[in-house]
Structure formats: structure tokens, C-alpha cells
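Here the protein sequences line up with chains L and Z, keeping their order. In case it helps, this note's numbering puts the first sequence at residues 6 to 274. In case it helps, this note's numbering puts the second sequence at residues 35 to 651. Here's the structure we're looking at; comments come further down.
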Amino acid sequence: MKRFSFLLALLLLPGCAGEGGATPAKSARELRVCADPNNLPFSNRRLQGFENELASLIAREMGATVRYTWWAQRRGFIRNTLNAGACDVVMGIPSSFELVLATRPYYRSTYVFVTRRDSGLDVRSFDDPLLKKVKVGVQIIGDDYANAPPAHALASRGAVQNVIGYTVYGDYREDSPPSRIVKAVAAGEVDVAVVWGPLAGYFAPRQPAPLAIVPVSPKIDLPFLPFVFDISLGVRRGDQALRDELDGILERRKPEIDALLDRYGVPKG
Amino acid sequence: MERIGRRSLVLAVFSWIFAVSLISGCRREPSGGAVVPAAPTGRVGASPQAVPSGADDGQWLMAAKNYASTRYSGLTQINARNVRNLKVALTFSTGSLRGHEAAPLVVNGTMYIVTPFPNDLYALDLTQPGAPAKWVYHPDPEASAQGVACCDVVNRGAAYADGRIFYNTLDNHTVAVDAETGQEVWKTRLGDINKGETLTMAPIVVKGKVLVGNSGGEMGVRGWITALDAGSGRIAWRAYSTGPDKDVLIGPGFKPFYAQDRGRDLGVKTWPPEAWKTGGGTVWGWISYDPELDLIYYGTGNPGPWNPDQRPGDNKWTSGIFARDPDNGEARWFYQWSPHDEHDYDGVNENVLLDLNIGGRTRKVLVRPERNGYVYVLDRATGEVLSADPFVYITGSRGVDLKTGRLRVAAEKKTGVGKVTREICPAAPGAKDWQPSAWSPRTGLLYMAHNNLCMDFEGVEVSYISGTPFVGANVRMYAGPGGHRGEFTAWDPVARRKAWSVKEKFPAWSGALVTAGDVVFYGTMDGWFKALHARTGQELWKFKTGSGIIGQPISYRGPDGKQYVAILSGVGGWAGAVVSGQLDTRDSTAALGFVNAMKDLPANTTRGGMLYVFGLP
């Protein structure tokens, strides 16, 4: 009988229970999270990202278990996940992102310059004339009329011919495709890369060559081009109750969350 | 695993397999597909061998009807006098909810329909009452292809040749299917969805080669056209739209008309270093063929994925047109509609091959209603621009210099991050997007469904992809002068002026069909299928279908000897994504700003794919 009920439980697992969703039937509460299965340091299917850890931490606070729906975080991500009802929360979005209802920010990070320590390059500002001479790598987005802020910043200062783009999509068969830009610095493909902080902070220490990370300056280009962003959790628009509950947890658990982000080397903006 | 504890190994293994199958099943959905017989079955009665020649064989073998891409049916039973009696003869649900842009094919008493993703191919038996499905072929494309496809997961149709149906799947495969049995003959992978590449265009078959181009310029994809051997599916040649001459298949036979297109490796030199590697120029539109000159013609998409100020130069060979030798792919000439494109003006629209009397003599021309708002007439042997005239309100440029061939770009409409630029006309989808026009040799007019849209770039908007925050312009599209968003226009390319036009509330996103009965057909995004008088534009008949129309109408002679007109209804595409993708109408910049112009579409139509065939009683 027991065996049959186990099978039955499997049969009744609704729709798309992903890994991490082996929920005993009686534990009613689930934290349904949509996440990219291949995008460290944020999240992956093996639950190795800081967003995975944060989801577990929040779920514990709620007395819930985490259930993941995996979807590459590309154009249409919010539409196909949160807004399609596949989950109730996404673990990282800019706080001013209009497609969702954002919680209070749980960290602020910045774009950073990444160089090889042995290169002797000490770039701290977009206004450094060196950035027109050496090979510079930037992340490119490729959404029409949109791009990573460092790409705009370099172009407006006339650095174009020496700039190489690394698409954030990359090749999805590889592990964490956006990380290629950090590997390119270590390999000497570029002299300086301008990289979003959490990505650089996690991958730089994992390269064969020692790399240096320096936050960019200025923090904002006028009229309005920020390089520093607040990051929040996102819930569906209108889901005030969940947002308020998450806000409470983020506030109560701030020391633990800060420690978690430190462990992953997230640069503070 | 510890929960299994003392259970027997057999049960544990069984449970594990069961669980895995559940999970993996999940990853492969959501197909949103129809419940249909799984295996291809049934036989076609007629032989698919010889295609009868003559005035009009009553069939429809490729999306554009013929190599010249005229979408002109020589059938005359349905005409301007009796079209008001048209009645529904046949319907068929495709079971798909996404945008239906494809043209049906009709060959030997069978109709073939390709659905949007998951790209099923249906064969309907027109010899039987109600045209029951003979078989359905499921290519089972990878579900993840939906996530990387730009815009909607559309398919623009198939092509028939030598007993086979050829078409593309969203996940980068070209397939050949036996037209009688529905059995797959070959299936060749041409690209990689992991790099953002997809296939949405309708191939054509020329001299035993299937010609296919890729989509995905927004994702940093490098554009190409590829020829496959129709018999074996093996790749015969591939020509890229960017990069060194050897990749673009530019050799000694390349003789562009204008000086700016001559020189070595311009596909590298007109870009910042390495930017050509992700430079766009995808080939997701239409291909034509001139058997006499033995040249194929096709357009290239806009440059990407950098913003314009990050890719100084003409960004060759994007937003232009190539003429190539179909046997080996070698380029013969090139012309660039929009050098250094700033407004997402893909150059992939249809190329209508005509012999027109221009300046007192017959010229072999190529007529192209282009996204940037001009109807171009080119000498198709040389690539010389004979004329380029605006068919909509244009602020983004001030005409084409016929001496140099260059577009005169309006400097004040240049866009930039943090800069506000208002009233850029036409908007990013262009004066006319992919929706193909039709040509009648009887009236000498080109019939085109098109847009009347402008756009503003306002401030910046923060967004997020793959864990990376970024900023972009806030694009909003809205109706151009007159307040209507679409138009159906009859254009005289010899007199270089509009003959007549009809205003449409929504962008007119369907293909056009014209017949020897002097009737033109097209559909609207709120679901009306319309017949107009080809000479006057007078509305003669209309029918409200179940969903908005973005498909391509065709006409054929049925096995009963009667003429029919067929259209797929099923709203979607870029313009209709607000319905088919259920986008949030409060987000005015969704679908790259198109949603702002389409807020009222959900109140006017609902999604769902359905074939409608009309005939006289």
C-alpha cells in the first residue's frame, strides 16, 4: 500500500515540478521560483548560485519548500515565467524594473573594471584615456536600442575601434555562458573588461591568472546612464501580500544575506 | 533519496525512471500543440511528378506563387462582379495559438499547411468532402527554441518540388517530406538555437537546391543564406552577410553598380574590429529567382546587436539586397537600402521581378517596397536604382540620391541613449514589414498591405537579461498622420505614384493576393478577410474570421474544377504579439515598443489558428 501511495504521489506531482521540488504532500506551502538553469553566480540547476541559496533561506523563513521552474533568462523571461503563472517570485531584477512588483533592494552592485594583475593596468574611470588604446571587452545585450551601460559609456567617449563585445547570451551549451568575458581577460584576449559586478566577483578568483576588480567611476553618466543598480526580488504586479512578506524576511535576515553575497564575492555598489 | 529507504531496489529504480520521465516530459513542453494522430499515415492519390505548365495550373507551389513573386493567380471564375457571393467552403483548425503567417500550398488535389511552432505540417485531401487530413508530420522542434526566438514563433510557409514539401522549423532544421505519404525524407540542421539562431522564412527551390536563410539578428546572430541539395539535404553552399569576401562568396564575378560597394573585404572593414562576427544581416525574408539571368535575389536584415554609435561605418552587407548565382552562391551585385541602419529597418522584403516599360524601353526590373518607406525599382541585371519613391510619410530620410544610390538620412532623427527623438517615421517595423505584396499584369499595379506608424525614443528604461542590468531607449510606436495604423495601397511603379489606397485601423500585417478576375484579397488584424476591386479599391466583399489575419492568401482550382481562395487566420507576429503572446497592455514598450500602438487589439480579436477556404456557391 505504501509503495502504491508513493507512486501515486509521483503521479500527482503537478505539471512541471523541477528538482528541489520533492515535496512531501502534507507540507502545504511552496515558494515557487523561476530561475535560469545555467547562469552562475546567480542560479543553476544544481542549485549552486546565490539566488538558489537565498531562495532556500527565504523558504525556510516561510516554512515552505522551494519549487523551481527553469527558463533561460532572456527576452520574454518574465512573460513566460512569472506572468504565465509558472511561479510567484524571481530572485533578481533591477529595483526599477517595470514589468514586475519589486521588493526592497537586497543588494546594490556596480559594473567593474577587470584586469590581469600582472598587466600593470590600473583603470578606475571611463575617462581614463587608456580605454581608447588598449583592447576593451564589454558585455553586449543586443536587444534593439538597448545595451550594457559600459558599451554606451565607451562609445560616447569615442572608444569604439578597440572595443570587443561579448554577448550575454553566449553559447547556451556551455556552463554559465555570460562568464566568457571574464575568461577573456585571464586569457589575454582583452586587456580590460567592463563587467557587471556579481559576474566578475564570482568568476575572477576562479581564473588561472590573478585578476583585479575595480568598481567603475563615475557611478552615473549624465543625463542618465547608471553603472550602479539596486537589485530586488520580483513578484507579479498586484501581489502586494507576497511582496510585503518577502520585504519582512529580507529585512530580518539582512546579516545572513549580506554574508551570503560576500561569500559569492558580489562587489558592493 | 533517503525517503526511499527500505523499498526494494526494483521499485526504487522504477520510481526513478518514472520521475525522470515526468520531469523530462515537462521540459519538452509547452508545445501548445494539437492532439493529432502521431504517425504519418495515408496516401495521396495523385502523382506529384509533373507540374502542369501553361497560363495558370491552378496550383500554388511556393509561398510567392512563382519565382517572380507576383502572388498573381490567373484564375478568373471569381471576379469583380461575382465575388460578393463568396461563401465559406471549408475550414480547418490548426490547433495552434500563435501567429499564422504561412501561405498554404495546393498540389495535386492536396493542401499543405505549416503551423507556427511546433511547426506541424498538415496534408488535407481536397478531393474528399470536408477535406479531411490525410496525414500530419510532426518535426518535434526543441521547445527551448521558443525562448530564443525574437518576436513570435511564426513560420512563413513551405515550398513544393519533385514530390516533396520543403520547409523550416524554428529550431534550425530544414526538412523534406514526401508529399504523398508524409514520411520524412531528410532533415538537416543549419544553425544553433543556443546561439539565438532560428528559422522562420519560407524556402524556395531553384535548380535542385533548397534556399534557406536564418533569423535572430537581435541576438547577435551572423546572417547567412544556405543552399541545400534538394535530393539529399546536404549543404551545397553558404554565403554570410558579414565578414571577409570568402565568407560572403564575393569573387571576381562581383560587380556592384555603386562605388561604395566595391573594394576588398568590406564586410569586415565597414565595422569596428570583430563586430561583424555578431553583426546581424539575417536572411529571414523572401527570395526570388530569374531563370533567364539565372540569378537569385534576397534581402539582408538590419545590423546588430550594437547601437548605431557603437558600429560606425556602412555595416556591410546588412540592410541590403544580393543577387547571386544559385549554383554556387557567388555574389553578382549588392545594393544597400539603409547603410548604417539606425532604425531597425531590415532589408528582407519581397522582390517582385517584372519587365516594365521605363523611359520608353522595356527594362528587367526588381520592384521592392522597402521598410524605410520607399518603393524601389532596380535594374535587376545590374543593381542600379531606377527610382525610389515614398509610399508613406517619411521623416527618417529625405529620398535616395540616384547618382550615388545612397539614402539621404535625416540627421535630426538620429537616436542615442538618454536623448529624446520624436516622430521618427516610419517606426521600427517600417512602412512595410515582411507582409508580401502582389502584382497584377492586367492592371500594372503593385498591391501592398502596410503600416502607418511613427515612433518616439524617450529617455531610458532599465532592463535585465541573463543576470545583467542594462539600459535602453523607451520606444513607443503610434499611428502616423491620419490616425490610422495600417493601409492597403495599390502602387503604379511606372508612373511612380499611388493609384488608390484604403485606410485600416490596425497595421495591415497580411500578405496580398491579386487575381485575373481583377480582385485583390488581404486580411486585417481584427479578423476581416476582404476583397477589393483591383482597379478602384472599392470594397466588394468581406468576411469576419475567428482571429486576426497575418497570413498570406492564395487562390487555386480545386479537384472539382472550381476556383477557391484560402487564408490562414490566427493573430500574432510582432504586431500581434500583444494577443498571441498575451503581453501586458500596460507595458507600452513591450514587443520593442509595438504594444503601445496595439493596446486595443486584445479587445478586437482573440488568438487561434484556423484555415478558411472560400468559393462561389
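Heads up, the beta-carbon is just placed ideally off N, CA and C, and yes, glycines get one too.
I want to see whether chain L comes within less than 8 Å of residue i, judged by CB atoms only; does it?
i	result
Z:Ser-65	Since pLDDT at Z:Ser-65 reaches only 31, below the 50 mark, its modelled position is unreliable, and the value read off the structure follows with that caveat. Not an interface residue.
Z:Ala-498	Ala is not the amino acid found at residue 498 of chain Z; the sequence shown has Tyr there. Yes, Z:Tyr-498 lies at the interface with chain L (some Cβ there is under 8 Å from its Cβ).
Z:Trp-340	yes
Z:Ala-309	yes
Z:Met-511	no
Z:Leu-229	Sequence inspection shows Lys at residue 229 of chain Z; the Leu mentioned does not correspond to that position. Closer than 8 Å to some Cβ of chain L, the Cβ of Z:Lys-229 qualifies, so yes.
Z:Val-505	yes
Z:Leu-300	no
Z:Thr-579	no
Z:Met-253	yes
Z:Leu-617	yes
Z:Thr-312	yes
Would you list the residues sitting across from residue i in a DSSP beta bridge?
i	result
L:Arg-235	The residue you asked about is not Arg; residue 235 of chain L is Asp in the sequence shown. L:Asp-235 is bridged to L:Arg-113.
Z:Thr-125	Z:Tyr-646
Z:Thr-523	Z:Met-482 and Z:Ser-535
L:Gly-170	L:Val-143
Z:Ile-238	Z:Leu-245
L:Phe-118	L:Val-199 and L:Val-219
L:Thr-74	L:Cys-39
Z:Trp-473	Z:Leu-480
L:Ile-186	Its beta-bridge partners do not exist; DSSP assigns none.
Taking all protein chains shown into account, do 16 or more other C-beta atoms lie within 10 angstroms of the C-beta of residue i, making it buried, or fewer, making it exposed?
i	result
Z:Glu-538	buried
Z:Ser-127	exposed
Z:Asp-594	exposed
L:Pro-260	exposed
Z:Lys-350	buried
L:Glu-227	Strictly speaking, residue 227 of chain L in this sequence is Leu, with Glu absent from that position. Looking at its Cβ environment, which holds fewer than 16 other Cβ atoms inside 10 Å, L:Leu-227 is exposed.
L:Arg-51	exposed
L:Ala-264	exposed
Z:Leu-412	buried
L:Ala-214	exposed
Z:Leu-436	exposed
Z:Leu-626	buried
Z:Val-78	Any reading at Z:Val-78 must be qualified, since the residue scores a pLDDT of 30, below 50, and its modelled position is unreliable; the value itself is stated next. Buried, since its Cβ has 16 or more Cβ neighbours within 10 Å.
Are the Cβ atoms of residue i and residue j separated by less than 8 Å?
i	j	result
Z:Trp-473	Z:Leu-388	yes
Z:Leu-109	Z:Ala-193	no
Z:Trp-468	Z:Asn-383	yes
Z:Thr-558	Z:Lys-564	yes
Z:Ala-213	Z:Gly-230	no
Z:Arg-591	Z:Val-613	no
L:Pro-110	Z:Val-505	no
Z:Arg-530	Z:Ser-421	yes
Grab the span of the beta strand (DSSP E) containing residue i for me, first residue to last.
i	result
L:Tyr-256	Residue identity differs from the one stated: residue 256 of chain L is Glu in this sequence, not Tyr. Premise fails: L:Glu-256 lies in the alpha helix (DSSP H), 245 to 257, not in any beta strand (DSSP E).
Z:Lys-578	573 to 578
Z:Arg-531	531 to 538
Z:His-207	207 to 212
L:Ala-40	35 to 40
L:His-157	Counting along the chain, L:His-157 falls outside any beta strand (DSSP E), though it belongs to the alpha helix (DSSP H) covering 154 to 161.
Z:Gly-506	502 to 513
Z:Val-409	408 to 413
Z:Val-553	553 to 557
Z:Gly-433	431 to 434
Between residue i and chain Z, is the shortest Cβ-Cβ distance under 8 Å, so that the two count as touching?
i	result
L:Ser-101	yes
L:Asn-152	yes
L:Gly-142	no
L:Leu-230	yes
L:Thr-115	no
L:Asn-44	yes
L:Asp-267	no
May I ask which residues mark the beginning and end of the alpha helix (DSSP H) holding residue i?
i	result
Z:Trp-367	Where Z:Trp-367 is concerned, there is no enclosing alpha helix (DSSP H), although the beta strand (DSSP E) it sits in stretches over 365 to 370.
Z:Leu-300	300 to 303
Z:Asn-657	As displayed, chain Z neither begins before 35 nor continues past 651, which places residue 657 of chain Z out of reach and without an answer.
Z:Trp-340	Careful: Z:Trp-340 lies outside any alpha helix (DSSP H) and carries neither H nor E.
L:Ile-83	82 to 85
L:Met-67	55 to 67
Z:Ser-614	607 to 614
Applying a beta-carbon distance threshold of less than 9 Å, which residues of chain C neighbour residue i?
i	result
Z:Asp-343	This model lacks chain C altogether, as its protein chains are L and Z.
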